[in-house]
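Everything on this sheet refers to the single structure shown next.
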Amino acid sequence: MRSSFQPKGRSLGMSNTPHTLGEEFPGQLEAIHALKAKNARFAQILEEYDSVNDRIHRAETKIEPVSQEEETNLRKQRLALKDRIAEALAEA
Numbered sequence: 001m002r003s004s005f006q007p008k009g010r011s012l013g014m015s016n017t018p019h020t021l022g023e024e025f026p027g028q029l030e031a032i033h034a035l036k037a038k039n040a041r042f043a044q045i046l047e048e049y050d051s052v053n054d055r056i057h058r059a060e061t062k063i064e065p066v067s068q069e070e071e072t073n074l075r076k077q078r079l080a081l082k083d084r085i086a087e088a089l090a091e092a
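Next comes the structure, spelled out in structure tokens:
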């Protein structure tokens with residue numbers, strides 16, 4: 001599973017998906033990388049975020065349509081994961 005974490009100056013190719021971690025946490029990519037490297041649970045949260053974010057993007061672009069209710073639930077899940085990431089960064 002790919003990660004939306006992108007160190008400065010690097011690209012992971014097809015990254016047209018909105019709400020990547022780089023967009024959501026500008027200026028904190030180095031902290032995200034450091035925390036990901038030392039905290040397996042944080043790394044798992046990042047993977048979950050990327051997975052949910054990708055599902056939302058596929059739904060929005062009609063690649064894999066879902067019901068409005070499911071899309072809303074995915075958005076809520078993404079927001080909760082984003083909050084957990086922000087909390088972990090604040091505690092680091």
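For the sequence shown, position 16 (counting from the first letter as 1) is numbered 16 according to UniProt numbering, and the numbering increases by one without interruption.
Backbone N, C-alpha and C fix where the C-beta goes; we use that ideal spot for every residue, glycine too.
Since the structure is predicted, the reported quantities are computational estimates derived from the model, not experimental observations.
On the criterion of 16 or more Cβ atoms from any shown chain inside 10 Å, does Asp-50 qualify as buried, or is it exposed? Mapped onto the sequence shown, residue 50 falls at position 50. By the 10 Å Cβ count, Asp-50 comes out buried.
For Met-1, which of helix, strand or coil comes out of DSSP? Counting from one through the sequence shown, the residue named residue 1 turns up at place 1. Caution is warranted here: a pLDDT of 45 is assigned to Met-1, below 50, making its placement in the model unreliable, and the coordinate value is therefore given only provisionally. In the structure shown, Met-1 falls within a coil segment according to DSSP collapsed to helix, strand and coil.
What does the alpha-carbon distance come out to for the pair residue 106 and His-19? Residue 106 is absent from the structure shown; the chain starts at 1 and stops at 92.
Does DSSP put residue 93 in a helix, in a strand, or in coil? With the chain represented from 1 up to 92, any question about residue 93 goes unanswered, as that position is not in the structure.
Let's see if you can read the secondary structure: which residues bound the alpha helix (DSSP H) around Gly-22? On the sequence shown, residue 22 is found 22 positions in, with the first residue counted as 1. That run of the alpha helix (DSSP H) goes 21-24.
With a threshold of 8 angstroms on Cβ separation, who are the neighbours of Arg-75 within its own chain once the five nearest residues in sequence on each side are excluded? For the purposes of this step, residue 75 is identified with residue 75 of the sequence shown, where counting begins at 1. Correct list, in chain order: Ile-56.
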